[in-house]
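Okay, structure first, notes after.
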Amino acid sequence: MKPTRLIIVAVGGQGNLLASRVIGEAALMADVPVRMSEIHGMAQRGGVVESSIVFGDAQSTIISDGEADVLVGFEPSETLRALNKCHPGTVVISNLAPLSPFTVTVGNGIYPELKVIQSLIRSKTAKLIAFNAESMAREAGNILSVNMVLLGALIQTGKIPLTRETVKEAIRTKTKKVFVETNLKAFELGFSTADSMA
Amino acid sequence: MHKLLTRQPGLKMLLLGNEAIARGGLEAGVAVSTTYPGTPSSEISSNFFQISQESKLYFEYSTNEKVALEVAAAAANSGVRSMCIMKHVGMNVAADALLTLAYVGVRGGLVILTADDPFMFSSQNEQDNRFYSKLAGLPMMEPSSAQEAKDMLRDAFDLSEELQLPVIFRTTTRINHSSEIVSLGELRDPKTTGDFVKDPFNYVTVPAVSRNLHAKLLEKLDKAETLSENSKYNMIAGKGSWGIICNGVSYNYVCDGIKELGIQNSTRILRVGFSHPMPRILIRTFLEECEKVLIVEEGEPYMEETVKAFAQEAGLTLSIGGKGDGCLSRLYEYDPAQVRESLGEYFGVDYAPRDGIDLSDVPEIPQRPPSLCAGCSHRATFYAVNKAAEGMDTICPTDIGCYTLGFLPPLSTGDFLICMGSSVGTSCGFSKVSDKKVISFIGDSTFFHTGIPGLVNAVFNSHNFTLVILDNGITAMTGHQPHPGVDMKAMNFEGYGQVSIEDVVKAVGVKHVSVIRPYRVKKSVDTIKEALMYKGVSVVISQEPCMLFAKALKKPRRKPFFVSDKCKGDKDCINDLACPAFYIRKNRVYIDPVLCSGCSVCAQICPEHAILPLKDKA
Ligand code: SF4
Ligand code: SF4
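Going down the list, the sequences are from chains B and G.
First residue of the first sequence? That's 1 in our numbering, and the numbers climb one at a time after it.
First residue of the second sequence? That's 1001 in our numbering, and the numbers climb one at a time after it.
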């Protein structure tokens, strides 16, 4: 199986690591070769968390600049920051609800406009699916399920070798019981949103 | 039941490298495990800690790595399989024990895991601990994947017993923090008790004994070299005449790289997994069969120097590339593309990299550095110290923990840091040679780790500084591990003592000791002022639980605060305190009620008294 490389970037606390784990567990269920790596040094202190997930026949667990086939960004400016990981054929999925970094509050830097972020990504990659995943998570009943919303959108693209059913099964069996229902709902909302944008 | 205790050999699980390593320990029947927590090794210990609650495994968070190694060394010399886990710099602390333990050896298997951190994702340096195996004369193993880490660790225990030597097991961050599908092996029931047989002429390292022991160590190393020659972990693949010698994660990048370059048939790879002693004959034979060889290893040219020496001994003149000629770097970690490029360049293979994208028109994106949590007690303490020291010329040595982040503006409370405990020792030196007021910071766990000797030194040699001990009741940065000052009973753990920092400080002989609650700003400032005035060593202990840990424990939450219309926009809260719960929209200051933990510090410092608890809003 030819390798497919996926990068997920998020701000600490957005649940990126759980999303990666669900993907990994789904790959295990489906017998898809998978390797992943995560950097979460001081994630809890509001920094950036990055996971790389490599499916198929490759031994590396990390992804070099310009080699991600799919990029999922949990926060718009972080999606833009990770653009160096992409190539012209990359499919990008991004949340559009910004989490302004504190550097902006103290006047060190300006948060780029959402419109600018989107047009930049769109012009440089194969496809951008961008929407407000936060409001969808709220609709699903838990604002913390942004990760599941974006996971749904990711699976809809068909860019990674996992089916909707397998991932749902992984959510059912590998996320906390009390959240399974909202997680599944969030996943479906993300899936159908990406579907409607296709 | 803990998932790593699953008794189903052959079962496949998605495991983090550190989980796979913990499982490997259990499959080896490890009975005693010790550590001082440090990223990237922390999850091995946190898993062992949990497992020890429900199995025969003994696990302890020791006060520092040296003590951890001593505990494990004694257990191993009583015939009990032991494992000692640390991050790379921890090895420096343990080195005193390590280098002579190598002479003494072990009876039961002892594996010392060192987790190196190329690129310094969460460390102060990127030292290459492979040199410790050379320095100490100990066998070393290095896995390339999570699955291999698990299996290799099991074998490392056998190797340790065969050689009667501790084995150094060296990983890097990308092994510890990568996940893959791992197939489980059989669990082995640990032998938890042993017997120490007196043999002082082999165990008490006075010079006459050590002279014999050093000779014995060299004999064991000869035997180790033979084992390394035949180890399945030193493996050769391919039949080409371009040789590649690699280790650890570099091996994966090499495998992917030669595939992408399409040079599988021209290359031959030697992956070294049993890397001290290096397999001399195997390497010589490998070199003889190659036209040219590239050595791909992150960090220092550890293998490269040895391989070149072997080539010289054998009179081989082929080209051996690596770091020397600027081909590969001694800096940071490698990545697959970088290794692929180096391979292409060294062997003269054309490779058209895929089209990149032009990023020149992407605007600068505001940085997102990690910061102290909203309501972190350290922020409150730093604020109070800054207020108390207003107008003073200061030097602020700091230490290792979340609070290191206080060095960033606007708190700017950190001027010097080299290692665990260095805040106290360097304060002695700074205050001796400078007229500036020295105020240093150390966390509770770090104080126990290596802060105490510095403080004893300060009292004995009559130094002059104020030490602020940031006591938040946990080892926060590495993921909330306990330390000797923690009330374990309160967390429902039985069988622990508790050491009071205040008692230790007083017992050491510090004459001016005060305790503050940093969320009471004015009182704290006044108390700190007094401490700063004192000539000699004064200690301020700042007690307030880590906010993040309190949240994790589901402690009752304080009411969040909000900025009322009384706000005149001075922004003292943002400029002096920089709590990340604050944000500005249309020039007005707001507090994010989800982030705010209700510490009330901002409310106390607002000159307009504009910040109020949310309940008063109605
Ligand atoms: S984890 Fe605890 S000690 Fe560390 S920054 Fe957060 S509140 Fe402060
Ligand atoms: S009370 Fe003020 S300083 Fe404390 S967490 Fe809330 S906003 Fe931050």
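The beta-carbon is built from N, C-alpha and C at its ideal position, and this holds for glycine as well.
Euclidean distance between Cα positions of L17/B and G1321/G: 39 angstroms
The alpha helix (DSSP H) enclosing A1075/G, as first and last residue numbers: 1065-1076
Where S60/B meets chain G, residues with beta-carbon distance less than 7 angstroms: N1252, Y1253, D1256, P1336
DSSP state of A1618/G mapped onto helix, strand, coil: At A1618/G, the pLDDT of 41 sits below 50, so the modelled position is not reliable; the number obtained from the coordinates is stated separately. Correct three-state label for A1618/G: coil.
Proximity test, S1564/G beta-carbon vs ligand 1 heavy atom, cut-off 8 angstroms: no
Beta strand (DSSP E) segment containing F1234/G, residue limits: Note on residue identity: the sequence assigns Asn, not Phe, to residue 1234/G. N1234/G -> beta strand (DSSP E) spans 1234-1237.
The region 1166-1173 of chain G touching the region 80-91 of chain B, judged by at least three CB pairs closer than 8 angstroms: no
Reduced DSSP secondary structure (H/G/I, E/B, other) of F1059/G: strand
Nearest-angstrom Cβ-Cβ length linking R45/B and C1373/G, presumed shorter than 8 angstroms: 6 angstroms
K124/B at chain D interface by Cβ criterion, 9 angstroms: The structure shown has no chain D; the protein chains it does contain are B and G.
Backbone CA spacing between N132/B and V91/B [nearest angstrom]: 17 angstroms
DSSP three-state assignment for A1458/G, whether helix, strand or coil: helix
Option in G1598/G, P1143/G, C1579/G, K1523/G with minimal Cα separation from Y1233/G: P1143/G
Straight-line Cα distance separating A1476/G from D1435/G: 34 angstroms
Entirely enclosed beta strand (DSSP E) segments - the region 1314-1364 of chain G, minimum 3 residues: 1319-1321
Sheet register partners of A68/B (DSSP bridge): C86/B
CB contact below 9 angstroms: T175/B versus chain G: no
Three-state secondary structure assigned by DSSP to A1389/G: coil
Under the three-state DSSP convention, the category G1025/G falls into: helix
Neighbour-count burial assignment, A1618/G, 16 or more Cβ in a 10 Å radius: Summary for A1618/G: the model assigns pLDDT 41, below 50, so the residue's position carries little reliability, and this model does not support an answer.
Any C-beta of chain G under 9 angstroms from that of L106/B: Per the sequence presented here, residue 106/B reads as Val, with Leu not at that position. Judged by the 9 angstroms Cβ criterion, V106/B is in contact with chain G.
Contact test: A1374/G Cβ vs ligand 4 heavy atom, cutoff 8 angstroms: Summarising the ligand content, the structure contains ligand 1 and ligand 2 and does not contain ligand 4.
Nearest candidate by alpha-carbon position, reference A97/B, set F187/B, V178/B, Y111/B, A198/B: Y111/B
Cα-Cα separation, S37/B to T1172/G: 12 angstroms
Under 8 angstroms (Cβ pairs) to chain G, residues found in the region 121-145 of chain B: K124, T125
M1141/G classed as buried or exposed, judged by whether at least 16 other C-beta atoms fall within 10 angstroms: buried
Distance cut-off 8 angstroms: F1561/G Cβ against heavy atoms of ligand 2: yes
Assigned exposure category for M136/B - 16 Cβ within 10 Å defines buried: buried
Simplified DSSP assignment, three categories, for I199/B: A query on residue 199/B cannot be resolved here, the shown segment of chain B reaching from 1 to 198 and no further.
Min CB distance M1013/G to chain B below 9 angstroms: yes
K1571/G, DSSP secondary structure in three states: coil
Residues that S1042/G contacts on chain B, provided the C-beta gap is smaller than 9 angstroms: The premise fails here: S1042/G is roughly 11 angstroms from chain B at the closest Cβ pair, so nothing lies under 9 angstroms.
Cross-chain neighbours of E50/B in chain G, by beta carbon under 8 angstroms: Going along chain G, no residue has its Cβ under 8 angstroms from E50/B, so there is no contact; the nearest lies around 11 angstroms.
Cross-chain neighbours of S1179/G in chain B, by beta carbon under 7 angstroms: G24, M36
Closer than 9 angstroms to chain B by CB, K1617/G: A caution first: K1617/G carries a pLDDT of 48, below 50, which makes its placement in the model too unreliable to give a value.
Alpha-carbon spacing of S1275/G relative to S1228/G, whole angstroms: 8 angstroms
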